[in-house]
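Notes for the one structure printed next.
Number of protein chains: 2
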Amino acid sequence: MEKHDQLLMKRQNKNLVLDILKTKSPISRIDIAKMTGMSPTSITRIVNELQLQGYVRETEAVASGVGRKATLLEVCGDVLYTVGIEIDKSLLKVGIVNYVGEIVSLHKNKRNESESYMETLLKIKAIIRKIMDENDIAATKIIGLAVGLPGYIDYKNGIVKVSDQLKWKDASLAEDLKKLTSFNVIVDNELKMKIVAESFTGKAKDSQNSILIGIGSGLGSSIMLNGEIYRGETNNAGEIGHTVIDPTGNVCNCGKIGCLATYISEGAILADSRKVKDISSIEEVFQSYRDREPWALNIMDRASTYIALAISNLLCLYNPEVIILSGNTIEKLPEIKQAIEQKCQLYIWEPLKQAVRIVYSELSDYGVVLGAAIQAQHLMLELE
Amino acid sequence: MEKHDQLLMKRQNKNLVLDILKTKSPISRIDIAKMTGMSPTSITRIVNELQLQGYVRETEAVASGVGRKATLLEVCGDVLYTVGIEIDKSLLKVGIVNYVGEIVSLHKNKRNESESYMETLLKIKAIIRKIMDENDIAATKIIGLAVGLPGYIDYKNGIVKVSDQLKWKDASLAEDLKKLTSFNVIVDNELKMKIVAESFTGKAKDSQNSILIGIGSGLGSSIMLNGEIYRGETNNAGEIGHTVIDPTGNVCNCGKIGCLATYISEGAILADSRKVKDISSIEEVFQSYRDREPWALNIMDRASTYIALAISNLLCLYNPEVIILSGNTIEKLPEIKQAIEQKCQLYIWEPLKQAVRIVYSELSDYGVVLGAAIQAQHLMLELE
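Keeping their order, the protein sequence lines are chains A and B.
According to numbering that gives the first Met the number 0, the residues represented by the first sequence are 0 to 383, in order.
According to numbering that gives the first Met the number 0, the residues represented by the second sequence are 0 to 383, in order.
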């Protein structure tokens with residue numbers, strides 16, 4: 000329970016003005032007053048504070064129209080920065096993002112799968128140092144780091160509980176990275192970071208309720224309701240990969256039978272492919288599909304059926320405005336989109352067909368990095 | 000965007016004090032001051048207003064402990080009332096509920112399935128009149144009516160878009176009932192009303208995230224996230240009955256194949272039973288199950304498998320704190336609970352087993368009526 004006192008009121012009003020500035024820049028003081036219903040005197044006081052703190056500056060431009068010309072205000076992108084980091088099995092990405100959400104610099108580095116936990120962390124430290132130097136950004140301007148990675152994360156304590164892809168377990172990533180860099184660190188699952196980016200600038204930009212499905216080494220989803228990440232009681236919400244679709248079907252490594260992931264994940268597709276042919280990588284399966292080899296057509300056709308069911312069932316239960324498909328399978332085998340779409344026509348409940356947009360992520364390269372950096376801004380920045 | 004001005008602040012503080020009084024009565028002014036962080040002077044002013052408006056009164060009791068004895072305050076249950084109404088195929092329930100959520104009176108009436116829409120509305124009007132007279136409640140004390148019924152509801156406009164069970168379509172229920180009774184009316188799906196009651200006083204009382212599954216003539220669910228009904232973009236969230244569980248399975252009346260409801264709903268169970276035997280009602284199927292007739296054991300065993308899958312899949316996607324099972328099948332055939340529980344052991348993902356309580360509703364008789372009345376309070380009562 001919160002006491003709604005004057006201080007809280009002032010802080011809320013200040014945040015409101017800054018939010019408007021961030022989304023509507025350039026804008027005049029008088030237009031902010033109109034949008035908020037606050038008095039011009041209050042707006043002037045708040046804008047003065049924000050100018051002093053470096054968040055806002057006056058532009059050269061003036062408002063058009065009749066009457067006295069009003070000076071326009073804009074947010075200063077360079078007032079502060081956050082660093083977004085994506086750690087993947089074979090790739091490490093580090094990006095620095097300014098206050099208005101622009102990626103100032105993005106570094107991509109190969110990651111050796113045998114690389115140790117500490118080697119990866121030291122590499123991250125070195126890349127951050129390098130980016131700061133290259134872009135002449137002082138440490139005092141960086142409010143924190145955010146890491147997105149595959150796995151089950153205790154995001155409250157910044158601990159990687161288990162990441163099969165990275166082979167990390169109970170790693171105190173936030174604490175360890177803070178020791179190395181002196182920056183505050185948050186950690187979350189990559190799909191959760193990515194949907195923050197989709198919501199900030201991607202396919203979920205104007206949606207309050209959206210779902211991102213990741214199809215690749217695993218099958219998962221992240222969910223945004225009323226503009227916030229929805230996690231459930233134990234941060235497991237969106238575990239579409241372990242919904243049971245066929246109680247007489249495939250055995251899943253979780254010990255259940257017929258989990259959706261057992262028809263869709265790269266590991267499952269590889270294991271089934273190897274029943275037919277000596278296959279070394281998922282790319283080889285995708286190539287066989289393109290070459291129209293019957294076994295590959297069968298396996299990927301079945302996968303597309305179950306991907307459509309994943310979409311249909313998430314849609315029935317969450318009724319979101321948009322479902323965004325992303326991940327390695329979609330990126331490496333774009334030919335599968337057509338099959339998925341045809342099956343969605345069959346498997347999506349009629350009343351919902353018009354109620355949803357099913358789209359593909361276009362942030363693949365930098366989605367996790369940007370989302371992490373934006374999430375760091377959300378969580379670490381507290382206006383005085 | 001909201002202007003956080005003084006008036007809003009005052010209203011928020013007043014609501015905060017009243018919320019504390021509703022949940023912690025009897026309580027002293029000084030304890031309210033401690034809980035809110037507000038000054039004793041502010042509390043005294045707010046309590047005086049609430050007393051004048053009739054919401055709060057002083058009790059005879061005084062706080063125990065050392066020092067000056069403090070008079071305790073309590074909420075006045077009889078300051079206002081709401082009426083909750085459940086319309087079912089063959090039953091009509093009307094209850095009047097006071098400000099502290101006690102059912103003052105509950106009337107149950109048989110409803111003839113051939114009864115017309117207007118006959119039902121006139122019957123509701125007569126019952127409300129009767130309850131008001133019997134309990135000596137003036138119309139001025141009733142802030143509104145709320146109706147819960149099966150079907151797809153446009154709750155914003157109080158329109159029953161379609162109710163297969165009642166055979167109503169595009170019925171302007173809120174408007175028509177208001178014309179008859181002069182009271183304001185809200186309308187919502189029965190499962191949504193029921194979860195409000197579960198959240199107020201039932202199995203979801205201390206949960207922020209809960210799901211109610213209704214198993215009977217249909218298969219549906221209602222969802223409460225962060226203490227609010229979650230509806231999705233077009234009020235279809237929770238449509239578990241139309242999630243596809245077997246793309247090679249039963250044909251559903253929605254035109255898809257393998258919807259969960261086709262293995263669980265009473266209509267589906269009856270249709271399958273009639274392939275074996277000349278069965279007239281679902282009760283007969285349930286009796287055959289109790290008599291251990293193999294066909295009934297098979298059909299209901301399959302139903303229990305798919306009920307467990309419904310639970311498992313809702314759990315994977317929403318990760319709620321509690322899942323409440325309710326509805327005709329559970330009430331009329333409690334023997335099926337054991338089968339469901341055994342299958343939940345098999346089909347629930349291991350990491351979630353400890354994270355959820357799976358329980359049975361105990362509000363069956365008055366759940367919808369109470370929930371509707373509480374929802375009417377939430378939505379219709381605006382403190383000045």
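Cβ atoms here follow ideal geometry from the backbone N, Cα and C, with glycine treated the same way.
Quick caveat, the model's predicted, so the values are computed rather than measured.
Taking 7 angstroms as the cut-off, is the C-beta of ILE310 (chain A) nearer than that to any heavy atom in the ligand FMN? Within the structure as shown, the ligand FMN is missing, as the structure has no ligands at all.
Determine, using beta carbons only, whether GLY147 (chain A) and ASP163 (chain A) come nearer to each other than 8 angstroms. no
Over what stretch of residues does the beta strand (DSSP E) that includes ILE357 (chain A) continue unbroken? 356-359
Determine the DSSP secondary structure at ARG409 (chain A), reduced to helix, strand or coil. The structure shown does not extend to residue 409 (chain A), since chain A is modelled only from 0 to 383, so the question has no answer here.
For MET37 (chain A), which three-state DSSP category applies? coil
Residues of the stretch 187-202 of chain A with Cβ closer than 7 angstroms to any Cβ of chain B, in chain order: none
Residue-chain proximity (ALA302 (chain A), chain B), Cβ-Cβ < 8 angstroms: no
Counting beta carbon pairs with one atom in the stretch 339-353 of chain A and one in the stretch 238-252 of chain B, are three or more of them shorter than 8 angstroms? yes
Collapsed DSSP secondary structure at TRP348 (chain B) in the structure displayed: coil
Would you mind working out which of B:GLY254, B:LYS255, B:ASN249 sits nearest ILE268 (chain B), comparing C-alpha positions? B:ASN249
Please list the terminal residues of the continuous alpha helix (DSSP H) segment that includes GLY266 (chain A). 265-272
Chain A contact residues for LEU224 (chain B), given Cβ-Cβ distances below 8 angstroms: LEU224, TYR229
If you drop the 5 nearest sequence neighbours on each side, which residues of the same chain put their C-beta closer than 6 angstroms to that of ILE212 (chain B)? SER220, LEU324
Give the residues of chain B in contact with CYS253 (chain A), contact being defined as C-beta atoms less than 9 angstroms apart. TRP348, GLU349, PRO350
Round the Cβ separation of LEU71 (chain A) and PRO25 (chain A) to the nearest angstrom and send it over; I've been treating them as touching at under 8 angstroms. 4 angstroms
CB contact below 8 angstroms: THR261 (chain B) versus chain A: no
ASN108 (chain B): buried (16+ other C-beta within 10 angstroms of its C-beta) or exposed? exposed
Note down the Cα distance separating LEU15 (chain A) from THR35 (chain A), rounded to an integer number of angstroms. 8 angstroms
Report the option in A:ARG291, A:GLN344, A:GLY217 whose CA atom is closest to the CA atom of TYR262 (chain A). A:GLY217
Using three-state DSSP, classify CYS251 (chain A) as helix, strand or coil. coil
Start and end of the beta strand (DSSP E) containing GLY94 (chain B)? 90-97
Min CB distance MET0 (chain B) to chain A below 8 angstroms: Summary for MET0 (chain B): the model assigns pLDDT 39, below 50, so the residue's position carries little reliability; its value from the coordinates is reported in the next sentence. Cβ-Cβ to chain A under 8 angstroms: yes for MET0 (chain B).
Under 8 angstroms (Cβ pairs) to chain B, residues found in the stretch 116-146 of chain A: none
Please determine, among B:ILE127, B:GLU114, B:THR119, the residue with the shortest C-alpha to C-alpha distance to SER104 (chain B). B:ILE127
CA-CA distance, LEU378 (chain A) and VAL184 (chain A)? 10 angstroms
Going straight from the alpha carbon of LEU369 (chain A) to that of GLY100 (chain B), what length do you get? 48 angstroms
Tell me whether LEU7 (chain B) sits in a helix, a strand or coil according to DSSP, three-state version. helix
On a CA-only basis, which of A:GLU283, A:VAL367, A:LYS255 is nearest THR386 (chain A)? Give me that one, please. Examination of residue 386 (chain A) is not possible in this model, given that chain A is present from 0 through 383 alone.
Residue-chain proximity (ILE310 (chain A), chain B), Cβ-Cβ < 8 angstroms: no
Proximity below 8 angstroms, CB of VAL93 (chain B) to CB of ILE130 (chain B): yes
Would you tell me roughly how many angstroms separate the C-alpha atoms of GLY83 (chain B) and LEU176 (chain B), rounded to the nearest one? 13 angstroms
ILE298 (chain B) and ASP271 (chain B): beta carbons closer than 8 angstroms? yes
Bridge partners - GLU85 (chain A), DSSP secondary structure assignment: A:LYS92, A:GLY147
According to DSSP, is LYS168 (chain A) helix, strand or coil? strand
Within 10 angstroms of its Cβ, does LEU90 (chain A) collect 16 or more other Cβ (buried), or is it exposed? exposed
Would DSSP call ASP175 (chain A) helix, strand or coil? helix
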